[in-house]
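Below is one structure, written out as structure tokens; the observations come after it.
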Amino acid sequence: MNQLLTPEQSRRVVDWLHARKLEFYLESNNGLFASENFATLGEPVMQE
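The sequence shown: position 9 = 9 (UniProt numbering), numbered continuously.
Written as structure tokens, this is what we have:
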């Protein structure tokens, strides 16, 4: 099931992840949007 997030909800999610120094990507109908360091810091986690 897809659920629409408001821009404010999206900002809160991103702020929460940044506060915990977690890398991420957001998936939407407009594409995938990775955090600034996802490509380098996320790779080791994805390989586990």
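By construction, the Cβ of each residue, glycine as well, lies at the ideal position given by its N, Cα and C atoms.
At a threshold of 6 Å, does residue i count as lining the ligand COA (C-beta to nearest heavy atom)?
i, result
"D15", "This structure lacks the ligand COA, and indeed carries no ligand of any kind."
Helix, strand or coil: which one does DSSP assign to residue i?
i, result
"F38", "helix"
"E43", "helix"
"L17", "helix"
"Q3", "coil"
Considering only residues of the same chain and omitting the five flanking positions on each side of residue i, which have a CB-CB separation below 7 Å?
i, result
"E38", "Here residue 38 turns out to be Phe, not Glu, going by the sequence shown. The residues are E23, F24 and Y25."
Which partner residues of residue i appear in the DSSP bridge assignment?
i, result
"L32", "E27"
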